[in-house]
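Chains as they are written, first to last, in my numbering: chain G, 1 to 297; chain V, 1001 to 1380.
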């Protein structure tokens, strides 16, 4: 019984790590007033760059850095288009995802000559095999993923930068009137968001030891759902990630019994998020300036 | 119930906000509408050149192949027309939302739901019914399928203030998963993910009328798309409902003050938007395959956002933008031997980002130029 519970927990955590990274990216971005539709694209870009970096260097850590840079680059494209050029966040956000999907496949073909996957790359190999918690504990990205929740919570609630992020996300003109540069805070927040979600993609690529096309498979949107379901709070968003991952784990473990169709389990994060937004069980209220063009800048 | 300010950037600002007047006003508006897509295409062409060169190919050769594979032969052009048809519906759907100040990202699910409902009814109908009878039925049923999916986020926004961008995205996943479940578990032909063919009312392909289109999927739904485009224009610019819809899109508070029930307009706009996307499902289900297949939407709903943005939310613009994106999409297949077809996804993304980013910039520059011109006239 204990074994079963431990296996369940290990599997849940393993599925939750990329969600945690990306959802923390979502919290950072949305708290500053920038919609987090781009998480999916950051993850995919991060996964591809991680495979690229790890393949050419032979080092998983270079892959981690490359993946973070990949996410950051897409984040900066999003930020420049929407902050400097005042493009619509939703439109640009959708396009960033399309760009990540197209560019990763284009460069996969160009660099590795494949339209499906990269060659095998090094990862953080566990000395202990198996899917238990002990094996997970040897993967530094697992610790980073869990740590990102603490780090983002500390950053947002305990630092001057976090105060500025929240001010800019709720009331940009008030923030500007006390001398805060609204664009600069948003550039930093979106940059961090890109790095964090990019790391979520890194985890996927290194865990599977390769990049495969569309390997994020909507995880960025699940992370966005977790961000909203967690009401833009790092700890609650982290719990939402665990909840969604737990539902998936349950589905995988019940697969033999065919009790619930897969499709209904897949729906859980989205249905819960819609319900949360509709305010049936405690209203989810977004940051007031979310998605608005910064008129003050 | 706050409306993000940037929503209004999508639709052209009201004519009264313009400094120029008379015939130059019309010209200024045309410039503001047409310049961003042109700028975007130029940027995309440069990015495309770089990507093609990175692959060791000559841009001239690739672009020539792209044109030859789309507009220069009947089959390619037929495929372009087929893709144009679906994109026109999804583009119009998104444009309808944008005109009301709403972002409908759910066209993907609405398109699939419309096609699914049509196929479902087609499986219940007896065979041998005349198309004159079945076609109106199919259109209504597909519109209802898409309309319901669209109405939900509209109602959630009107009643609870739930942001439609998020609810439409989330609803996409829910609807697609539901349709996948019903298809896989109940309706699919064994070993496939598609249903049986509808019993009656499948529409002819254009190849039946002109053999040159042989093999291409272009079909009679193209003409429904054109009719719906005209109807959408008429509704938006000639009818009271459309006027209210646009008023809400430009200034919801002012519209409310002027006696418009904003919540009801939101629900109507999202329902109409979903209905238009739903009718688009007929292109695949009745015109191309004759059955519903899981995943047939394959991104056409999301591409509708690009079509509406580049078409500047105007029905005629949408039709032209649909033709453009269909050409790029089909062109990707044509050039695949030289460069990976994914280059078109990259270029489409570049076009969308460039249009979105250049709309405010172009407007600012044009306004500034008009202001300077007006000032110099006064001093002269």
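Cβ atoms here follow ideal geometry from the backbone N, Cα and C, with glycine treated the same way.
*asked:* Using C-beta distances below 8 Å, list every residue in its chain close to residue 6 (chain G), excluding the 5 sequence neighbours before and after it, in chain order.
replied: 132 and 133
*In this structure, does DSSP put residue 109 (chain G) in helix, strand or coil?*
helix
*Quick one: is residue 74 (chain G) near chain V, going by C-beta distance under 8 Å?*
Residue 74 (chain G) does not count as touching chain V.
*asked:* Determine whether the beta carbon atoms of residue 1362 (chain V) and residue 1036 (chain V) lie at a separation below 8 Å.
replied: yes
*What are the boundary residues of the alpha helix (DSSP H) that residue 1353 (chain V) is part of?*
Counting along the chain, the alpha helix (DSSP H) containing residue 1353 (chain V) begins and ends at 1343-1379.
*Give the straight-line distance between the Cα atoms of residue 1134 (chain V) and residue 24 (chain G), rounded to the nearest whole angstrom.*
51 Å
*Cβ of residue 1270 (chain V) less than 8 Å from any chain G Cβ?*
It does not; no Cβ of chain G falls within 8 Å.
*At a Cβ cut of 8 Å, what residues of the segment 1050-1068 of chain V count as close to chain G, listed as they run along the chain?*
1051, 1054 and 1055
*Would you please verify whether the beta carbon of residue 1348 (chain V) is less than 8 Å from any beta carbon of chain G?*
It does: the Cβ of residue 1348 (chain V) has a partner Cβ on chain G nearer than 8 Å.
*Leaving out five residues on either side along the sequence, give the residues of the same chain with a beta carbon under 7 Å from the beta carbon of residue 1366 (chain V).*
1028, 1031 and 1032
*Does any residue of chain V bring its CB to less than 8 Å from the CB of residue 172 (chain G)?*
no
_For residue 1283 (chain V), the three-state DSSP class (helix, strand or coil)_ = helix
*Can you give me the Cβ contacts of residue 1294 (chain V) inside the same chain, cut-off strictly under 8 Å, excluding the 5 residues immediately before and after it?*
Only 1179, 1180, 1183, 1184, 1188, 1193 and 1194 meet the Cβ criterion.
*asked:* When you compare the CB positions of residue 1128 (chain V) and residue 1198 (chain V), do they come within less than 8 Å of one another, or not?
replied: no
*The alpha helix (DSSP H) enclosing residue 180 (chain G), as first and last residue numbers*: Note, residue 180 (chain G): premise wrong, no alpha helix (DSSP H); not H, not E.
*Can you say whether residue 1302 (chain V) is buried or exposed, counting buried as having 16 or more other CB atoms within 10 angstroms of its CB?*
buried
*residue 1172 (chain V), enclosing alpha helix (DSSP H) - first and last residue*: 1164-1182
*Do residue 145 (chain G) and residue 65 (chain G) have their C-beta atoms closer together than 8 Å?*
8 Å or more divides the Cβ of residue 145 (chain G) from the Cβ of residue 65 (chain G).
*Counting contacts by CB-CB distance shorter than 8 Å, is residue 273 (chain G) in contact with chain V?*
yes
*Please go through the same chain and pick out, in chain order, the residues whose beta-carbon is closer than 8 Å to the beta-carbon of residue 163 (chain G), but skip the five residues on each side of it.*
none
*For residue 103 (chain G), go through chain V and note every residue whose CB falls closer than 7 Å to its CB, in chain order.*
Annotation: Cβ neighbours of residue 103 (chain G) in chain V (cutoff 7 Å, chain order): 1346.
*When the Cα atoms are used, what is the spatial distance from residue 192 (chain G) to residue 154 (chain G)?*
14 Å
*Decide if residue 149 (chain G) is buried, meaning its Cβ has at least 16 other Cβ atoms within 10 Å, or exposed.*
buried
*So what does residue 1293 (chain V) bridge to, in DSSP terms?*
V:1194
*Three-state class that DSSP yields for residue 213 (chain G) in the structure shown*: When DSSP states are grouped into helix, strand and coil, residue 213 (chain G) belongs to the coil group.
_Restricting to runs no shorter than 4 residues, where is the alpha helix (DSSP H) found entirely within the segment 1209-1292 of chain V?_
Fully enclosed alpha helix (DSSP H) runs of 4 or longer: 1221-1238, 1240-1250, 1252-1257 and 1262-1282.
*Can you round the beta-carbon distance between residue 1078 (chain V) and residue 1156 (chain V) to whole angstroms, since I take them to be within the 8 Å contact cut?*
About 40 Å; that fails the 8 Å criterion.
*Within chain G, partners of residue 1170 (chain V) - CB distance below 7 Å*: The contacting residues are 225, 270, 273 and 274.
_Sub-8 Å separation of residue 1216 (chain V) and residue 1082 (chain V) beta-carbons_ = A contact, by the Cβ cut-off of 8 Å.
*asked:* Give me the residue from V:1285, V:1223 and V:1338 with the minimum Cα distance to residue 1088 (chain V).
replied: V:1223
*asked:* Considering just the uninterrupted stretch of the alpha helix (DSSP H) at residue 303 (chain G), what are its terminal residues?
replied: The structure shown does not extend to residue 303 (chain G), since chain G is modelled only from 1 to 297, so the question has no answer here.
*Smallest Cα separation from residue 196 (chain G): which of G:151, G:178, G:172 and G:158?*
Put simply, of G:151, G:178, G:172 and G:158 the residue whose alpha carbon is nearest the alpha carbon of residue 196 (chain G) is G:151.
*chain B within 8 Å of residue 25 (chain G), Cβ atoms only*: The structure shown has no chain B; the protein chains it does contain are G and V.
*Per DSSP, what kind of secondary structure is residue 4 (chain G) in: helix, strand or coil?*
In this structure, residue 4 (chain G) counts as helix in the three-state DSSP scheme.
*Does DSSP classify residue 1205 (chain V) as helix, strand or coil?*
The answer is strand: DSSP assigns residue 1205 (chain V) an E or B state.
*asked:* Give me the chain G residues within the contact set of residue 1267 (chain V), using Cβ-Cβ distance strictly less than 7 Å, ordered along the chain.
replied: Near residue 1267 (chain V) there are no residues of chain G at all, since even the closest Cβ is about 14 Å away, more than 7 Å.
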